[in-house]
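Enquirer: In the working numbering, the protein residues as written are 2 to 338.
1. Would you kindly work out how many angstroms separate the C-alpha atoms of residue 230 and residue 65, rounded to a whole number?
2. Along the chain, where does the alpha helix (DSSP H) containing residue 15 start, and where does it finish?
3. Return the Cβ separation of residue 178 and residue 80 in integer angstroms, given the expectation that the two are a contact with Cβ distance under 8 Å.
4. Can you check which of these residues, 137, 129, 146 and 190, is closest to residue 155 by C-alpha distance?
5. Using 8 Å for Cβ pairs, my map puts residue 71 next to residue 107. What's the rounded Cβ distance?
6. Specify the secondary structure class of residue 267 as computed by DSSP and reduced to three states.
7. Would you report the Cα separation of residue 307 and residue 91, rounded to the nearest angstrom?
8. Using C-beta distances below 7 Å, list every residue in its chain close to residue 20, excluding the 5 sequence neighbours before and after it, in chain order.
9. Using CA coordinates, which residue listed in 29, 303, 194 and 256 is at the minimum distance from residue 409?
10. Using DSSP's beta-bridge definition, name the partner residues of residue 181.
11. Given this structure, state the Cα-to-Cα distance separating residue 51 from residue 14, to the nearest angstrom.
12. Taking residue 185 as the reference, give the member of 273, 337, 36 and 266 with the closest Cα.
13. Quick check for students: name the residue ranges of the beta strand (DSSP E) that lie wholly in the region 74-146, counting only runs of 3 or more.
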């Protein structure tokens with residue numbers, strides 16, 4: 002089949018594109034190569050993809066409906082399924098630049114939904130986020146729980162995406178699956194994420210900023226485990242849930258062809274320990290500046306992945322010692338340090 006991957010030059014998008022190509026799919030990658038972080042990293046990811054048979058690239062912005070529809074409904078080929086990973090990422094940046102999130106995550110998402118509707122796409126898999134759990138303190142986070150108290154605009158846009166997707170599943174029978182990613186890390190990762198920032202500064206002999214004094218926990222999930230979940234859900238086109246009870250509704254499913262899943266490692270790790278493992282892999286000790294929890298951040302994340310495991314057989318298997326080691330190897334090779 003032919004799969005459109007939006008955000009194909011991004012961290013998760015590039016890995017998903019490689020996995021689809023590995024099993025013989027045709028991949029149409031779409032990206033606007035935003036300068037949110039160093040474009041050289043995105044260019045490096047894209048060059049690896051463009052060297053592969055079966056990959057085509059379209060430079061386009063999901064915020065522009067004409068460009069998106071042209072990519073999804075070309076005269077020469079049919080897009081069978083879409084993995085939508087293009088978005089404005091980052092919790093803290095949403096405090097500084099909220100309009101970027103409205104433009105990309107809301108306007109861009111409605112454009113994707115419209116392109117799916119008019120292009121008669123079989124299945125839309127899209128990125129949500131563990132951030133939607135916001136002020137929830139019940140652990141582990143379950144897709145059966147309400148998520149009505151976001152603590153960042155980024156989280157609010159991701160929750161809005163789930164609501165918008167449900168509307169299109171209900172009105173137009175468009176099968177949609179939302180994936181709530183939990184702290185993804187690994188080779189080719191984003192430079193604004195903690196592991197990348199810590200590695201860069203430790204190797205440069207600079208102090209690292211450790212928020213919440215390193216006491217908060219995250220369900221760190223290695224990129225290969227994330228990709229496995231994405232591919233498994235892409236292959237499972239949802240139908241209406243026969244067990245859905247309109248008198249006692251769950252946010253996880255619907256009478257419409259709609260699903261939401263958590264994708265996490267199901268093993269939260271304290272940030273302080275995460276840093277200790279990184280120090281071991283780098284062979285260096287970090288100088289730490291201990292700071293309080295940042296606005297928009299949450300103290301803990303912990304994914305209940307039972308629904309994803311039940312429906313797709315998903316089973317995360319990468320411990321942080323292995324994942325961090327692979328990242329450090331990639332980083333040293335890519336940056337020659």
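Built from N, CA and C at the ideal position, the CB exists for glycine as well.
Treat the numbers as computed from the prediction; the structure is a model and nothing was measured.
Expert: Checking against the coordinates, here is how it stands:
1. Computed Cα separation, rounded: 29 Å.
2. For residue 15, the uninterrupted alpha helix (DSSP H) segment begins and ends at 12-23.
3. By a beta-carbon distance limit of 8 Å, residue 178 does not contact residue 80. Their separation comes to about 16 Å.
4. Closest by alpha carbon: 129.
5. With a Cβ gap of about 21 Å, residue 71 and residue 107 do not count as contacting.
6. Here residue 267 sits in coil by DSSP.
7. Rounded to the nearest whole angstrom, the C-alpha separation of residue 307 and residue 91 is 27 Å.
8. Sequence-distant partners of residue 20 (beyond 5 residues in either direction) whose C-beta falls short of 7 Å from its own C-beta, in its chain, are 228 and 232.
9. With the chain covering only 2 through 338, there is no way to say anything about residue 409.
10. Beta bridge pairing from DSSP links residue 181 with 129 and 263.
11. Residue 51 and residue 14: Cα-Cα distance of roughly 14 Å.
12. Taking only the C-alpha atoms, the option nearest residue 185 is 266.
13. As for any beta strand (DSSP E) of minimum length 3 sitting wholly inside the region 74-146, the runs are 82-85 and 124-130, ordered along the chain.
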